[in-house]
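K.L.:
The sequence shown lines up with residues 1 to 304 when you count with the UniProt record's numbering.
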Amino acid sequence: MQKHVFFLIIVFISLSNLTSDFFGATVDVSRDSPALALSYQRLSRPQFRQGKKLIHLLKIKAGEKVLDIGCGSGELTAYTAQFVKPKGWVLGIDPSPYRIDLANQKKDKNLSFRIGGSDDLSSLPSNFYDVVYLNYVFHWILDKKRALEEIFRILKPGGRLGLCTGDKEQHSKNFKILSESIQAVLGPTASKDLVVPYHISKEELQSLVIKSGFIIDSLMVEEKTNYVKSPKEVIEFLEASDFGNFLAGITEEKRQRILSLFKQKLSETMTSQGIPMKYRTLILIGHKPKTVVSKAFLKIDLKS
Ligand SMILES: C[S@@+](CC[C@H](N)C(=O)[O-])C[C@H]1O[C@@H](n2cnc3c(N)ncnc32)[C@H](O)[C@@H]1O
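1. What does the Cβ neighbour count give for glycine 63, buried or exposed, with the cut at 16 atoms within 10 Å?
2. Output the distance between the C-alpha atoms of glycine 249 and aspartate 28, rounded to the nearest integer angstrom.
3. In or out: asparagine 127 buried (at least 16 other Cβ within 10 Å) or exposed?
4. Using only the alpha-carbon positions, how far apart do asparagine 104 and threonine 165 sit?
5. Using the beta-carbon count (16 or more within 10 Å), is proline 95 buried or exposed?
6. Indicate the three-state DSSP secondary structure (helix, strand or coil) for glycine 24 in the structure shown.
7. Taking just the CA atoms, how far does leucine 208 sit from aspartate 108?
8. Decide if leucine 238 is buried, meaning its Cβ has at least 16 other Cβ atoms within 10 Å, or exposed.
9. Using a Cβ cut-off of 8 Å (strictly closer), state whether proline 231 contacts chain B.
10. Histidine 199: buried (16+ other C-beta within 10 angstroms of its C-beta) or exposed?
11. Taking aspartate 32 and tyrosine 136 to be in contact with their CB atoms under 8 Å, please state how far apart those CB atoms are, rounded to whole angstroms.
12. Since leucine 155 is in the beta strand (DSSP E), which residue starts that stretch and which ends it?
13. In the DSSP assignment, the beta strand (DSSP E) including aspartate 130 goes from what residue to what residue?
14. From the DSSP output, read off the bridge partner residues of methionine 270.
15. Output needed for cysteine 71: all residues of its chain with C-beta closer than 7 Å, excluding positions within five of it in sequence on either side, in chain order.
16. Please say whether valine 131 and asparagine 110 have beta carbons closer to each other than 8 Å?
17. Tell me which same chain residues have a C-beta within less than 6 Å of the C-beta of isoleucine 115, skipping the five on either side of it?
18. Does the Cβ of valine 228 lie closer than 7 Å to at least one heavy atom of ligand 1?
19. Please report the straight-line C-alpha distance between phenylalanine 23 and phenylalanine 262, rounded to a whole angstrom.
20. Run the proximity test for arginine 99: is its beta-carbon closer than 7 Å to any non-hydrogen atom belonging to ligand 2?
21. How is phenylalanine 138 classed by DSSP in three states: helix, strand or coil?
22. Can you pull the DSSP bridge partners for aspartate 68?
23. According to DSSP, is phenylalanine 246 part of a helix, a strand, or is it coil?
24. Smallest Cα separation from leucine 186: which of Glu252, Leu58, Asn245?
25. Once you ignore the five residues that flank lysine 144 on each side, which residues in its own chain have a CB closer than 8 Å to its CB?
26. When the Cα of arginine 257 is compared with those of Ile275, Asn226, Glu180, Glu203, which residue comes out closest?
27. Sort out for me which residues DSSP pairs serine 112 with in a bridge.
28. Is glycine 187 helix, strand or coil by DSSP?
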């Protein structure tokens with residue numbers, strides 16, 4: 001009995017360090033702000049570079065209709081538009097109105113933007129797009145299965161899917177010290193997943209994409225190191241790329257304690273090039289088969 005009471009006290013103490021929101025690690029785009037959107041635009045050169053690679057792997061051609069889901073401030077969307085000219089076009093959607101405001105400053109007749117996310121693709125037509133891609137967005141999507149099923153629906157038969165997403169396996173020093181800083185303040189039960197709660201592994205991604213009906217053409221893991229000038233800039237980037245969700249849902253006092261520890265540990269990793277930020281990305285290229293066998297038919301066939 002005494003053991004049970006002791007256990008309950010420990011659980012209570014651990015839980016009281018987290019608000020219910022943080023404990024559920026809910027990502028909420030309404031935490032974004034105009035300042036965070038601008039800051040992401042300024043600091044996201046590495047994501048843009050990786051995105052350019054994705055676009056080249058997708059071999060986007062003149063005349064194609066392309067959808068960029070989670071386009072942010074639209075840098076990559078605008079880059080993609082040059083390949084579809086003169087008759088094709090690219091549509092960028094993002095749930096953050098602040099990022100769409102910035103994107104709309106890019107003017108091109110082959111380019112348009114609107115507010116929207118992976119949860120509300122129902123207004124988009126079926127069997128329509130040649131290419132759908134998501135650059136550093138998939139790890140922010142909770143219902144990945146639904147998103148992939150909807151992308152499958154809106155792609156033409158033979159249409160291509162491109163994904164760049166954070167790998168659940170991040171063997172980097174910066175992730176480790178961030179987890180250590182969080183655990184030092186919130187307790188040892190606080191998980192590293194609280195930073196990017198919906199990260200996915202290579203195996204999970206592979207299985208999910210195949211189950212959604214796609215054929216995978218390539219799936220690579222790439223580890224890159226970017227150098228950042230100061231601990232302050234590392235935090236600015238995390239806040240901007242997480243559209244306000246970085247360490248959201250905890251008290252300001254705890255947040256400041258985590259940040260101060262994190263900054264201190266980050267500055268110890270400073271090199272002559274800057275602070276190394278290692279990040280592992282999964283890069284997937286797939287396509288919707290030209291002939292789609294309906295799921296209902298497959299079930300009947302399997303039974304017989
Ligand atoms: C790290 S940024 C990537 C932006 C851009 N794709 C790039 O390459 O720089 C993540 C973006 O995903 C958007 N986002 C978050 N949840 C989303 C969802 N469920 N569907 C679509 N976009 C989402 C955010 O608003 C943010 O702009």
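All C-beta atoms, glycine included, are put in the ideal place defined by N, C-alpha and C.
P.N.:
Walking through what the data contain:
1. Taking the first residue of the sequence shown as 1, we reach residue 63 at position 63. Answer is exposed; the Cβ neighbour count stays below 16.
2. Position 249 of the sequence shown, counted from the first residue, corresponds to residue 249. Position 28 of the sequence shown, counted from the first residue, corresponds to residue 28. If you take the alpha carbons of glycine 249 and aspartate 28, they lie about 11 Å apart.
3. For the purposes of this step, residue 127 is identified with residue 127 of the sequence shown, where counting begins at 1. Asparagine 127 is exposed by the Cβ-count criterion.
4. Taking the sequence shown and counting its residues from 1, the one referred to as residue 104 is at position 104. Taking the sequence shown and counting its residues from 1, the one referred to as residue 165 is at position 165. Cα-Cα distance, rounded: 25 Å.
5. Here residue 95 refers to the residue found at position 95 when the sequence shown is read from its first residue. If you draw a 10 Å sphere on the C-beta of proline 95, you find 16 or more other C-beta atoms in it, and that means buried.
6. Start at 1 with the first residue of the sequence shown, and residue 24 comes out as number 24. Per-residue confidence for glycine 24 stands at a pLDDT of 37, beneath the threshold of 50, marking its modelled position as unreliable; no derived number is given.
7. Numbered from its first residue, the sequence shown carries residue 108 at position 108. Numbered from its first residue, the sequence shown carries residue 208 at position 208. Cα-Cα distance, rounded: 35 Å.
8. Here residue 238 is taken as the residue at index 238 of the sequence shown, counted from 1. So leucine 238 counts as buried.
9. The chain labelled as chain B is not found in the depicted structure, where only one protein chain is given.
10. If you number the sequence shown from 1, residue 199 lands on position 199. Counting Cβ neighbours within 10 Å, histidine 199 comes out buried, since at least 16 surround it.
11. On the sequence shown, residue 32 is found 32 positions in, with the first residue counted as 1. On the sequence shown, residue 136 is found 136 positions in, with the first residue counted as 1. Not confirmed; about 15 Å, so no contact.
12. Taking the first residue of the sequence shown as 1, we reach residue 155 at position 155. Counting along the chain, the beta strand (DSSP E) containing leucine 155 begins and ends at 155-166.
13. Taking the sequence shown and counting its residues from 1, one reaches residue 130 at position 130. Counting along the chain, the beta strand (DSSP E) containing aspartate 130 begins and ends at 129-135.
14. Residue 270 sits at position 270 when you count from the first residue of the sequence shown. BP columns for methionine 270 are empty, so no partner.
15. The count along the sequence shown starts at 1 and reaches residue 71 at position 71. Thr77, Gly92, Ile93, Asp94, Ala103, Phe113.
16. Here residue 110 corresponds to residue number 110 of the sequence shown, with the count starting at 1. Here residue 131 corresponds to residue number 131 of the sequence shown, with the count starting at 1. Taking 8 Å as the Cβ cut-off, asparagine 110 and valine 131 do not qualify as a contacting pair.
17. Taking the sequence shown and counting its residues from 1, the one referred to as residue 115 is at position 115. Excluding sequence neighbours, isoleucine 115 sits near Pro97, Ile100.
18. By one-based count along the sequence shown, residue 228 stands at place 228. No, ligand 1 has no heavy atom inside 7 Å of this Cβ.
19. Taking the first residue of the sequence shown as 1, we reach residue 23 at position 23. Taking the first residue of the sequence shown as 1, we reach residue 262 at position 262. Bear in mind that the predicted position of phenylalanine 23 carries a pLDDT of just 36, short of 50, making it too unreliable to give a figure here.
20. Absence of ligand 2 is noted for the structure shown, with ligand 1 being the only ligands found.
21. Here residue 138 refers to the residue found at position 138 of the sequence shown. Reduced to three states, the DSSP call for phenylalanine 138 is helix.
22. By 1-based counting over the sequence shown, the position of residue 68 is 68. For aspartate 68, which the question treats as bridged, DSSP gives the partners Gly92, Tyr133.
23. As a working note, residue 246 is residue 246 in the sequence shown. Coil, per DSSP.
24. Looking up residue 186 in the sequence shown gives position 186. Of the candidates Glu252, Leu58, Asn245, the one whose C-alpha sits nearest the C-alpha of leucine 186 is Glu252.
25. Along the sequence shown, read from residue 1 onward, the residue named residue 144 stands at position 144. If we look at lysine 144 and ignore the five residues flanking it on each side, its Cβ neighbours are Phe138, Tyr198, Ile200, Leu208.
26. Numbered from 1 along the sequence shown, position 257 holds the residue referred to as residue 257. Checked all of Ile275, Asn226, Glu180, Glu203; the closest Cα to arginine 257 is Glu180.
27. Indexing the sequence shown from 1 puts residue 112 at position 112. Leu91.
28. Walking along the sequence shown from the start, residue 187 turns up at place 187. Glycine 187 falls in the coil class under three-state DSSP.
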